[in-house]
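One structure below.
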Amino acid sequence: MTKISGVFMRQKQVFSAFLLGVALLGGAAHADWKSWLKSAKEAVDKSDTSTATTALSNEQIIQGLKDALSVGTEKAIALLGRPGGYLNDAQVKIPLPDGLKSVAKGLRAIGQDELVDEFETTMNRAAEKAVPETVSIFGDTIRQMSLEDARGILNGGDTAATEYFKNKGSGRLSEAILPIVQEATKQAGVTSSYKDLVGQVGFLGSYVDMDSLDLDKYVTAKALDGLFLKLAEQEQLIRNDPVARTTDILKTVFGSLGK
Numbered sequence: 001m002t003k004i005s006g007v008f009m010r011q012k013q014v015f016s017a018f019l020l021g022v023a024l025l026g027g028a029a030h031a032d033w034k035s036w037l038k039s040a041k042e043a044v045d046k047s048d049t050s051t052a053t054t055a056l057s058n059e060q061i062i063q064g065l066k067d068a069l070s071v072g073t074e075k076a077i078a079l080l081g082r083p084g085g086y087l088n089d090a091q092v093k094i095p096l097p098d099g100l101k102s103v104a105k106g107l108r109a110i111g112q113d114e115l116v117d118e119f120e121t122t123m124n125r126a127a128e129k130a131v132p133e134t135v136s137i138f139g140d141t142i143r144q145m146s147l148e149d150a151r152g153i154l155n156g157g158d159t160a161a162t163e164y165f166k167n168k169g170s171g172r173l174s175e176a177i178l179p180i181v182q183e184a185t186k187q188a189g190v191t192s193s194y195k196d197l198v199g200q201v202g203f204l205g206s207y208v209d210m211d212s213l214d215l216d217k218y219v220t221a222k223a224l225d226g227l228f229l230k231l232a233e234q235e236q237l238i239r240n241d242p243v244a245r246t247t248d249i250l251k252t253v254f255g256s257l258g259k
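Structure below.
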């Protein structure tokens, strides 16, 4: 079907809906049939979008979603994996663990802001070092996507792909990047900075159980939270902004949704 004939067919559908509405609601008030006509047009629009997505081949749908996920993850990782990616972004900056906030408050009260800031900086630097190593893990999750998964993501909400990653890969991501974070925290000096922090508060340090606080797991969890947040933002751009669709298949697949 050509684009022009498709337009005429759509107009015919809307006009037919209009005639049916007039016939059924001939005695109704003007506002009533006008409201009904609007509903009928919306139903036709919805039908057109559904038909368009159904018309896509299975190969197009899967490739389009894989492209979207690849583009989204690459951009999110690039944003966070650079110097300051976490530290300088208030949305994803890794804060002090709750158990250390009272300690930090006490240190700041006696002019030891530098110690607190240094500890926060080392945690965020560790996350920035670890995140780029997740590319291959995301790639594996993308390659394992089924047609059913792809259709569900395509017709889902604005962050359906991000939720798919959370459900399918969150556990594996945590397990896979924990050793990377451990090495990164070691290089960034997180543990020594932590000991310096607690060691400077005197008797207050006795209230902090240093052994029970797993800094590596804490940084890993917060790093993934930030990564999923940025991935969700990238997904929304691809879904709603044609400019963000950087490949032909992205334009075809997400353009079929009428956005």
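First residue of the sequence shown: 1, per the working numbering; consecutive thereafter.
Ideal placement from N, C-alpha and C gives every residue a C-beta, glycine not left out.
Between residue i and residue j, is the Cβ-Cβ spacing less than 8 Å?
i, j, result
"residue 122", "residue 64", "no"
"residue 169", "residue 141", "yes"
"residue 173", "residue 224", "yes"
"residue 76", "residue 231", "yes"
"residue 165", "residue 228", "yes"
"residue 213", "residue 97", "yes"
"residue 235", "residue 158", "yes"
"residue 78", "residue 137", "no"
"residue 87", "residue 131", "no"
"residue 145", "residue 62", "yes"
"residue 56", "residue 256", "yes"
Cα separation between residue i and residue j?
i, j, result
"residue 28", "residue 152", "With a pLDDT of only 45 at residue 28, under the threshold of 50, the placement of this residue in the model should not be trusted, and no figure is reported."
"residue 112", "residue 185", "22 Å"
"residue 117", "residue 183", "21 Å"
"residue 160", "residue 128", "25 Å"
"residue 243", "residue 181", "35 Å"
"residue 250", "residue 226", "25 Å"
"residue 162", "residue 215", "26 Å"
"residue 219", "residue 124", "8 Å"
"residue 147", "residue 192", "48 Å"
"residue 238", "residue 245", "6 Å"
"residue 71", "residue 93", "23 Å"
"residue 252", "residue 135", "25 Å"
"residue 119", "residue 241", "39 Å"
"residue 154", "residue 90", "30 Å"
"residue 73", "residue 100", "32 Å"
"residue 110", "residue 102", "13 Å"
"residue 106", "residue 233", "37 Å"
"residue 247", "residue 149", "21 Å"
"residue 83", "residue 222", "17 Å"
"residue 133", "residue 104", "31 Å"
"residue 167", "residue 217", "19 Å"
"residue 187", "residue 85", "17 Å"
With DSSP collapsed to three states, give me the class of residue i.
i, result
"residue 40", "Note that residue 40 has pLDDT 34, beneath the 50 cutoff, so the model's placement of it is unreliable and no number is given."
"residue 61", "helix"
"residue 90", "coil"
"residue 253", "helix"
"residue 239", "helix"
"residue 108", "helix"
"residue 48", "Note that residue 48 has pLDDT 40, beneath the 50 cutoff, so the model's placement of it is unreliable and no number is given."
"residue 247", "coil"
"residue 172", "helix"
"residue 179", "helix"
"residue 79", "helix"
"residue 224", "helix"
"residue 167", "helix"
"residue 17", "Because residue 17 carries a pLDDT of 41, less than 50, the predicted location of this residue cannot be relied on, and the following value inherits that uncertainty. Helix."
Compute the minimum distance between the beta carbon of residue i and the heavy atoms of the ligand NAP, and state whether it is under 7 Å.
i, result
"residue 93", "The ligand NAP is not among the ligands present in this structure, which contains no ligands whatsoever."
Mind listing, in chain order, the continuous alpha helix (DSSP H) runs of no fewer than 4 residues lying wholly within the stretch 121-154?
135-143 and 147-154
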